[in-house]
Amino acid sequence: MTLQLIKKAEEKHSLTKEELVLLLQDNSINEELFSAADRVRKKYMGDEVHLRGIIEFSNKCKQDCLYCGLRASNKNIERYRLMPDEIIDLAKKAVGYGYKTVVMQSGEDAYYTVERLQYIISTLKEFGIAVTLSLGEKTFEEYKAYKEAGADRYLLRIETTDKELYEQLDPGMFHEDRKRCLRDLKTLGYEVGTGSLVGLPGQTIESLADDILFFKEIDADMIGLGPFIPNDDTPLKGAASGDFTMSLKVMALVRLLLPDVNIPATTAMETLNKQGRIIALQSGANIVMPNVTEGDYRKMYALYPGKICVNDTPGHCVQCITGKIKSIGRTVSKSKGSRTKKNTSE
Ligand code: 5AD
Ligand code: FES
-2 MTLQLIKKAE EKHSLTKEEL VLLLQDNSIN EELFSAADRV RKKYMGDEVH
48 LRGIIEFSNK CKQDCLYCGL RASNKNIERY RLMPDEIIDL AKKAVGYGYK
98 TVVMQSGEDA YYTVERLQYI ISTLKEFGIA VTLSLGEKTF EEYKAYKEAG
148 ADRYLLRIET TDKELYEQLD PGMFHEDRKR CLRDLKTLGY EVGTGSLVGL
198 PGQTIESLAD DILFFKEIDA DMIGLGPFIP NDDTPLKGAA SGDFTMSLKV
248 MALVRLLLPD VNIPATTAME TLNKQGRIIA LQSGANIVMP NVTEGDYRKM
298 YALYPGKICV NDTPGHCVQC ITGKIKSIGR TVSKSKGSRT KKNTSE
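Just so you know, my numbering puts 171 at position 174 of the sequence shown, and the rest follows in order with no gaps.
Given below as structure tokens:
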């Protein structure tokens, strides 16, 4: 029965919530699920892997999400903020390493006014790269201003589509606002990335199925999934960790239902499994986002413990990941890897 569902998903790219739940519950079909997602990835996205260099430029955040180490109430973390010209400098180096996309990520830090961001974004665009922002919730006008400065893409995970759970874990934030942001970004013509945490305390299998259907409903262009990893400096320190295999299953199902979207093999997956990113690349993923932040800042951007590559340099990471990608018969893309919609109904 569940094997049939995988076949249906591989051919039709469609499953009901009930069917998704059945597949998420049944662990006897995991290998078939991962192979099917790998075939769909190959058919629609080919063997190229796109690298996105991520600059974690500030760990200051006004929000207080219960799972996140950057939360405002965390007094155990040393805060930093890179100046605009330091960010530009890191981006320049990333271009030198061959990256065609730079992702600028930070906590929700008010220091980066529209003017400062416009300066950074427009300078980065002169390098001929795609610019992705991941700065949290902003107003329509702010998103518009970044777009006009040249930003191409925006990442904002929904984190979970379970409204009650979201509002409990992200105190002071509203699920409706999150969805408004994602809609605004689409309206403004961004390529929109979203995604979820897998294994949050209180999260159900049904809500994971809803997450997958939500990504399809909003026509997301990029979907990042990673296990929740409890952080000792947060109120969720005693909670159970998310499960690597379950994250991989959600990711594989996303590939089956959304065949032509970009899907990263996430850092959090590699934190739970030494081969995590390679396994993800062989189960539906086609993107890796190596860190291009330098020095101690890598450690200080402590969303969760055990983050990989904290003692490595950007130069080392690009070599390392390129080697891993080649070792599984895939290639590193030389293009920007924007999402191109394909006919998925044949
Ligand atoms: N474990 C795993 N991922 C986390 N993130 C935040 N905290 C954690 C954690 N404890 C993820 C969120 C956020 C992204 C930048 O990092 O999904 O959107
Ligand atoms: Fe950073 Fe391998 S990607 S050390």
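The beta-carbon is built from N, C-alpha and C at its ideal position, and this holds for glycine as well.
Taking 6 Å as the cut-off, one finds at least one heavy atom of the ligand 5AD near enough to the beta carbon of residue 226. In the structure shown, residue 93 adopts helical secondary structure according to DSSP, grouped into three states.
Within the same chain, and ignoring the five residues on either side of residue 141 in sequence, the residues whose Cβ sits closer than 8 Å to its Cβ are 185.
For residue 42, the secondary structure class from DSSP, reduced to helix, strand or coil, is helix. Relative to the ligand 5AD, the beta carbon of residue 178 is positioned no closer than 6 Å to any heavy atom. Per DSSP, residue 273 is one residue of the alpha helix (DSSP H) stretching across 273 to 278. Pairing residue 34 with residue 280 gives a Cβ-Cβ distance under 7 Å. Taking the CA atoms as reference points, residue 72 sits about 42 Å from residue 324. Counting along the chain, no beta strand (DSSP E) covers residue 227, and no H or E run does either. Exclusion of the five residues before and after residue 310 leaves 291 as the residues of its chain whose Cβ lies within less than 8 Å of its Cβ.
In the three-state reduction of the DSSP assignment, residue 151 falls in the strand class, which pools E and B. With a 10 Å radius around the Cβ and a threshold of 16 neighbouring Cβ atoms, residue 268 comes out buried. Taking a 10 Å sphere around the C-beta of residue 16, we find 16 or more other C-beta atoms and assign the residue as buried.
DSSP places residue 101 in the uninterrupted beta strand (DSSP E) bounded by 98 to 103. Remark: the shortest separation between the CB of residue 65 and any heavy atom of the ligand 5AD falls under 6 Å. The beta-carbon separation of residue 230 and residue 74, rounded to 6 Å, stays under the 8 Å limit for a contact.
Exposed is the label assigned to residue 171, since fewer than 16 other Cβ atoms lie within 10 Å of its Cβ.
The three-state reading of DSSP puts residue 261 in strand, counting E and B together. At a Cβ-Cβ threshold of 7 Å, residue 219 and residue 190 count as neighbours. A heavy atom of the ligand 5AD is found nearer than 6 Å to the CB of residue 154. Relative to the ligand 5AD, even the nearest heavy atom lies 6 Å or more away from the CB of residue 6. Looking at the DSSP output, residue 191 shares a beta bridge with 220. Around the beta carbon of residue 62, 16 or more other beta carbons sit within 10 angstroms, so the residue counts as buried. Nearest Cα to residue 232 within the set 64, 222, 187 and 163: 64. Per DSSP, the continuous beta strand (DSSP E) segment holding residue 128 begins and ends at 127 to 131. Look at residue 308 here: in three-state DSSP terms it is coil, with no helix or strand label. When only Cα atoms are considered, residue 87 and residue 130 end up about 15 Å apart.
Between residue 335 and residue 45, the CB-CB gap reaches or exceeds 7 Å. The three-state secondary structure of residue 180, taken from DSSP, is helix.
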